[in-house]
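For the sequence shown, the residue numbers in full-length UniProt numbering are 1 to 183.
Inspection log for the structure reproduced underneath, given as structure tokens.
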Amino acid sequence: MKTSPTDTCFEARLLRPADFQGEDPWAFAILPKAESDRFARRGRTSAEGWLNGQPFQAILEPDGQLSHWLKIPAALLKKSGAQAGELVTLALQPLADELEPQMPPDLLAALAASPQAGATWDSTTTIARIDWIHWIGSAKQEKTRLSRIADACDMLAEGKKRVCCFDPSGYYSKALRAPRQAP
């Protein structure tokens, strides 16, 4: 990671999510469209950035409006001295290589149980793995999530390297969006 921003900085208001989902309090920022457009993908994509001069790496999430939102974890809030509700200075740029996605334990177990699916998984690109995990994780119900894991293993075992019929931007399916903001 570079030690200072090399691209233009922009200001964004840090927003507080309505639900922390059991995590330490975090914040998020919705990227201005012009900043988001600097990234090649409208789906999940990796960035390096600086929040009030504090460096970080992150996965930008699609907001369903052909743009992105950025989760600011509690540790980064503390390091940067930023708080939800404040206007902060951000700088973002695409990472040369996508960050490897965090494997959900249930998907990892399913891939371990299917050597053919695991072999195809290992031969896919990082972006393909990001999309598979995003498709599975975007399920609204546990039943759907489990069905998607089984379907993913079947497709991977057949040698299919990319998930089909999934809009990683959320724009056409309206399945993805930024977190709901706390009042």
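Note that the Cβ used here is the ideal one computed from N, Cα and C, for glycine as well.
Could you spell out where the alpha helix (DSSP H) holding E35 opens and where it closes? As a first step, residue 35 must be located in the sequence shown, where it is residue number 35. Where E35 is concerned, the enclosing alpha helix (DSSP H) stretches over K33 to S36.
What does E11 pair with, by DSSP beta-bridge criteria? The residue given as residue 11 occupies position 11 in the sequence shown. Paired residues: T89.
Determine the direct distance from the alpha carbon of L51 to that of E98, and round the result to whole angstroms. Walking along the sequence shown from the start, residue 98 turns up at place 98. Walking along the sequence shown from the start, residue 51 turns up at place 51. Computed Cα separation, rounded: 20 Å.
Just how far apart, CA to CA, sit T126 and A29? Counting from 1 along the sequence shown, the entry for residue 126 is found at position 126. Counting from 1 along the sequence shown, the entry for residue 29 is found at position 29. When rounded, the distance between both Cα atoms is 25 Å.
Between T45 and A12, what straight-line distance do the alpha-carbon atoms span, to the nearest angstrom? Here the question's residue 45 lines up with position 45 in the sequence shown. Here the question's residue 12 lines up with position 12 in the sequence shown. Distance between the alpha carbons of T45 and A12 is about 19 Å.
Could you tell me the distance, in whole angstroms, from the CA atom of T124 to the CA atom of G64? Locating residue 124 in the sequence shown gives position 124, counting from the first residue. Locating residue 64 in the sequence shown gives position 64, counting from the first residue. Using only the alpha carbons, I get a separation of about 25 Å.
What would DSSP say about residue 186, mapped onto helix, strand or coil? This structure cannot settle anything about residue 186, because the visible part of the chain is limited to 1 through 183.
Best match in I133, Q93, L87 and G85 for proximity to L108 [C-alpha to C-alpha]: Residue mapping note: residue 108 aligns to position 108 of the sequence shown, counting from 1. Looking at the Cα atoms, I133 is the closest of the given residues.
With respect to the alpha helix (DSSP H) encompassing G118, which residues constitute its N-terminal and C-terminal limits? Locating residue 118 in the sequence shown gives position 118, counting from the first residue. Its alpha helix (DSSP H) spans residues P115 to S123.
Would DSSP call E48 helix, strand or coil? Within the sequence shown, numbered from 1, the residue matching residue 48 stands at position 48. In the structure shown, E48 sits in a strand (DSSP, three-state: E or B).
Could you give the distance in angstroms between the alpha-carbon of residue 188 and the alpha-carbon of K140? A question about residue 188 goes unanswered here, because the residues of the chain that appear run from 1 up to 183.
Span of the beta strand (DSSP E) around A58: On the sequence shown, position 58 is the one that residue 58 refers to. A58 -> beta strand (DSSP E) spans Q54 to P62.
Give the secondary structure of W26 by DSSP, where H, G and I count as helix, E and B as strand, and everything else as coil. For the purposes of this step, residue 26 is taken as the residue at position 26 of the sequence shown. Three-state DSSP puts W26 in coil, outside helix and strand.
Let me check understanding here. Comparing Cα to Cα, which of P115, K79, A58 and D131 lies closest to G43? Indexing the sequence shown from 1 puts residue 43 at position 43. Of the listed residues, the one whose Cα sits closest to G43 is D131.
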